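Participant:
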RNA sequence: GGAGAGGUGGCUGAGCGGUUGAAAGCACCGCACUCGAAAUGCGGCAUACGGGCAACCGUAUCGGGGGUUCGAAUCCCUCCCUCUCCGCCA
């Protein structure tokens, strides 16, 4: 969420930054909404000030037994109160219009972020490790997993539909080992993140805080309690029934077809609904919101937290993409890193976070590269993002395994997360998040990288302690 | 799920219809005292929004929303949350 005062003071810079993301200018429209809002506030507050002053005068007049004066004031307040409800509604409407518009606008890229349209314009930052040579044609992870009898997509589809998997035996344990290993690395020196086990189900305002809402609702899984859905259905039917009745009364049955499709949905607010819960698409959501609506002490910053959680994504826009294998699932495990910092700390923290994520791949001895995302490929809340792409020999390409973003105060504004600086001022914190790393995709990378000619998987040294000393995953 | 108690500033805690944005204490900041520190004394100390070049002024906020009233932290309704007891349950 942007600060409207910044936009007011720097409309051209704001629009130029949006243009770098390939977006149309917004400053003029936003400033107009803001002016309307402020005019309405002024109008309302002037009336309230008069009402309050008059009320005090009434108190005094009554104390002085000046009934005449009290009466006059009373009628003045009565007249004022006639017009005030309308002002209140107008003020609320104007403020909401501005807030809604602001909530739809993505964060601005930092100066050093490369301009570009899509992932083809991302810029390689550096590489680590090298492609291995195989004396055979390397297979993809699902070929390996299915041949081992430890990765079962068909059964998963029976249970849950497409984009789920059932893991078994060594492969299941390998996934667990990866998560444990990553958490252990991040919670010890020198990374020093604090381990957190957060809720996986969150409220609307929490999803709004990290900017999954309102714009990306279709990418998420959510649910309402049954009684809320029943009530909604009841209201909708009532409204449709009434509209149909009105229409028929007005024009007779013959004209009814013409109006097809125009029946409105009920007055069910899909934007903020206190009865709704969302499955988290990433632990970034609960971890970042840990500090929502609070004022931190500067001494507590930077605050670093990590969690290993399941993540749930509807993958609505990815129909037909990566349909084979575990690359793109509705449910996957991920270790997430989140830092809460002061504005001065966030840029260094971003580099630090990237190196923490890289450390995992180094210890697993996986080949990867780091790219700086271009303006057109960055996420909604991000000011700057590094992706880590791991080499998959079976797929013969680099695939994203981590994404580290610095969000500035964009999320902090939405969450109202602040800190008290040493000079006693209260300011918004900066937030950062990154995968450290995606466990599902790390599993894929390990399987494809460590595959052997006979289809077995060598267990990386760093993981053997987590696998009870197991050195090879083989068919059983 | 049932019964009861309660939600006030960073914390503890008063207020229960009219200079109460809110006593008092703690914490914190400044000053004095001191070679320094402690102790003590004096002063300061909420957030957001709006207006103003500024000094400053206004509005809102005592869990959320709604109502009564000229006026609500105080009265009424409703929702949420916390605690205690009972029931159910992984």
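In this note's numbering, the protein residues as written are 179 to 654.
The beta carbon of each residue, even a glycine, is placed where N, CA and C say it ideally should be.
Model, not experiment: these values are computed from the prediction.
Under the three-state reduction of DSSP, which class applies to residue 504: helix, strand or coil?
Facilitator: Within the first chain, numbered from 1, the residue matching residue 504 stands at position 326. Reduced to three states, the DSSP call for residue 504 is coil.
Participant: So, with DSSP's three-state summary, where would you put residue 597?
Facilitator: The count along the first chain starts at 1 and reaches residue 597 at position 419. The answer is strand: DSSP assigns residue 597 an E or B state.
Participant: To which residues of the same chain is residue 299 closer than 6 Å at the C-beta, ignoring the five residues directly before and after it?
Facilitator: Translated into positions along the first chain, residue 299 becomes position 121. Here the set comprises 552.
Participant: Strictly by DSSP, which residues pair up with residue 481?
Facilitator: Position 303 of the first chain holds residue 481. Per DSSP, 518.
Participant: Leaving out five residues before and five after residue 585 in sequence, what residues of the same chain have Cβ atoms less than 8 Å from its Cβ?
Facilitator: As a working mapping, residue 585 is identified with position 407 in the first chain. Around residue 585: 285, 559, 560, 561, 608, 609, 610 and 611.
Participant: Which term fits residue 331, buried or exposed, when burial requires 16 or more other beta carbons within 10 angstroms of its beta carbon?
Facilitator: Along the first chain, read from residue 1 onward, the residue named residue 331 stands at position 153. Classification of residue 331: buried, given that the 10 Å Cβ count is 16 or more.
Participant: Here's a check: name, in chain order, each residue in its chain whose Cβ is nearer than 6 Å to the Cβ of residue 469, leaving out the five neighbours to either side.
Facilitator: Start at 1 with the first residue of the first chain, and residue 469 comes out as number 291. 518 and 595, listed in sequence order.
Participant: Taking 8 Å as the threshold, find out whether the segment 521-537 comes into contact with the segment 576-593 through three or more Cβ pairs.
Facilitator: Cβ pair count under 8 Å is three or more, so yes.
Participant: What would DSSP say about residue 263, mapped onto helix, strand or coil?
Facilitator: Here residue 263 is taken as the residue at index 85 of the first chain, counted from 1. Residue state, collapsed to three classes: helix.
Participant: Give me the Cα-Cα distance between residue 650 and residue 346, rounded to the nearest whole angstrom.
Facilitator: For the purposes of this step, residue 650 is taken as residue 472 along the first chain, with counting starting at 1. For the purposes of this step, residue 346 is taken as residue 168 along the first chain, with counting starting at 1. So the alpha carbons of these two residues sit roughly 15 Å apart.
Participant: So, for residue 489: in the same chain, excluding its five sequence neighbours on each side, which residues have a beta-carbon less than 8 Å away from its beta-carbon?
Facilitator: Position 311 of the first chain, counted from the start, is the residue given in the question as residue 489. For residue 489, where only same-chain residues beyond five positions count, the Cβ hits under 8 Å are 458, 459, 460, 461, 509, 510, 511 and 512.
Participant: Which runs of the alpha helix (DSSP H), 4 residues or longer, sit entirely within the segment 301-348?
Facilitator: Entirely contained in the segment 301-348, the alpha helix (DSSP H) runs reaching 4 residues are, in chain order, 319-326 and 331-338.
Participant: Candidates 592, 289, 523 and 526: which alpha carbon is nearest residue 277's?
Facilitator: Indexing the first chain from 1 puts residue 277 at position 99. Nearest of 592, 289, 523 and 526 to residue 277, Cα basis: 592.
Participant: Roughly how many angstroms lie between the CA atoms of residue 240 and residue 248, to the nearest whole one?
Facilitator: One-based indexing of the first chain puts residue 240 at position 62. One-based indexing of the first chain puts residue 248 at position 70. Answer to the nearest angstrom: the Cα atoms are 6 Å apart.
Participant: Take residue 349 as the anchor and find which of 507, 329 and 602 has the nearest alpha-carbon.
Facilitator: Taking the first chain and counting its residues from 1, the one referred to as residue 349 is at position 171. Cα-wise, what sits closest to residue 349 is 329.
Participant: Going by the beta-carbon positions, is the gap between residue 554 and residue 199 smaller than 8 Å?
Facilitator: Translated into the one-based positions of the first chain, residue 554 becomes position 376. Translated into the one-based positions of the first chain, residue 199 becomes position 21. For residue 554 and residue 199, yes; Cβs fall inside 8 Å.
Participant: Please classify residue 467 as buried or exposed, where buried requires at least 16 neighbouring CB atoms within 10 angstroms.
Facilitator: As a first step, residue 467 must be located in the first chain, where it is residue number 289. Result: buried.
Participant: Closest to residue 312 by C-alpha separation, out of 588, 622, 570 and 642, would be which residue?
Facilitator: One-based indexing of the first chain puts residue 312 at position 134. Cα-wise, what sits closest to residue 312 is 570.
Participant: For residue 613, count neighbouring Cβ atoms within 10 angstroms of its own Cβ and tell me buried if that reaches 16, exposed if not.
Facilitator: For this step, residue 613 is matched to residue 435 along the first chain. Residue 613 comes out buried.
Participant: Which of helix, strand or coil does DSSP assign to residue 493?
Facilitator: Residue mapping note: residue 493 aligns to position 315 of the first chain, counting from 1. Coil, per DSSP.
Participant: What residue range is occupied by the uninterrupted alpha helix (DSSP H) comprising residue 528?
Facilitator: Residue 528 sits at position 350 when you count from the first residue of the first chain. First-last of the alpha helix (DSSP H) with residue 528: 524-541.
Participant: Anyone know if the C-beta pair for residue 624 and residue 542 falls short of 8 Å?
Facilitator: Against the first chain, residue 624 aligns to sequence position 446. Against the first chain, residue 542 aligns to sequence position 364. Going by C-beta atoms, residue 624 is nearer than 8 Å to residue 542.
Participant: Looking at C-alpha atoms only, which residue of 320, 472, 261 and 335 is the closest neighbour of residue 503?
Facilitator: Numbered from 1 along the first chain, position 325 holds the residue referred to as residue 503. Nearest option by C-alpha distance: 320.
Participant: Taking the beta strand (DSSP E) that residue 457 belongs to, which residues open and close that run?
Facilitator: By 1-based counting over the first chain, the position of residue 457 is 279. Note, residue 457: beta strand (DSSP E), 455-457.
Participant: At what residues does the beta strand (DSSP E) containing residue 474 begin and finish?
Facilitator: What you label residue 474 is simply residue 296 of the first chain in a count that begins at 1. Segment 473-475, the beta strand (DSSP E) holding residue 474.
Participant: With a CB to CB cut of under 6 Å and the five nearest residues on each side skipped, what residues in its chain are close to residue 389?
Facilitator: For the purposes of this step, residue 389 is taken as residue 211 along the first chain, with counting starting at 1. So the list reads 558 and 559, once near-sequence residues are dropped.
Participant: For residue 740, name the three-state secondary structure that DSSP assigns.
Facilitator: One cannot answer for residue 740 here, as it falls past the ends of the chain, which runs 179 to 654.
Participant: What's the gap between the Cα of residue 230 and the Cα of residue 217?
Facilitator: Translated into positions along the first chain, residue 230 becomes position 52. Translated into positions along the first chain, residue 217 becomes position 39. Rounded to whole angstroms, residue 230 to residue 217 spans 20 Å at the Cα level.
Participant: How would you label residue 419, buried or exposed, when you count the other beta carbons within 10 angstroms and need 16 or more for buried?
Facilitator: For the purposes of this step, residue 419 is taken as the residue at position 241 of the first chain. Counting Cβ neighbours within 10 Å, residue 419 comes out exposed, since fewer than 16 surround it.
Participant: Would you decide whether residue 233 is buried or exposed? Buried here means 16 or more other CB atoms lie within 10 Å of its CB.
Facilitator: Translated into positions along the first chain, residue 233 becomes position 55. Exposed, since its Cβ has fewer than 16 Cβ neighbours within 10 Å.
Participant: Does the segment 254-266 come into contact with the segment 363-377, if we say contact requires no fewer than three beta-carbon pairs (one atom in each stretch) closer than 8 Å?
Facilitator: Result no; under three Cβ-Cβ pairs closer than 8 Å.
Participant: Please report the residue range of the beta strand (DSSP E) in which residue 570 lies.
Facilitator: Along the first chain, one-based indexing puts residue 570 at 392. Looking at the DSSP string, the run of the beta strand (DSSP E) that includes residue 570 is 562-570.
Participant: Using 10 angstroms around the beta-carbon of residue 377, count the other beta-carbons present and answer buried if the total reaches 16, otherwise exposed.
Facilitator: For the purposes of this step, residue 377 is taken as residue 199 along the first chain, with counting starting at 1. Its Cβ having fewer than 16 others within 10 Å, residue 377 is exposed.
Participant: Quick check on residue 284: does DSSP put it in helix, strand or coil?
Facilitator: As a first step, residue 284 is located in the first chain; it is residue number 106 there, counting from the start. Correct three-state label for residue 284: coil.
Participant: Using a threshold of 8 Å, state whether the C-beta atoms of residue 521 and residue 605 are closer than that.
Facilitator: Along the first chain, read from residue 1 onward, the residue named residue 521 stands at position 343. Along the first chain, read from residue 1 onward, the residue named residue 605 stands at position 427. For residue 521 and residue 605, yes; Cβs fall inside 8 Å.
Participant: If you run the structure through DSSP and keep just helix, strand and coil, what is residue 363?
Facilitator: By 1-based counting over the first chain, the position of residue 363 is 185. In the structure shown, residue 363 sits in a helix (DSSP, three-state: H, G or I).
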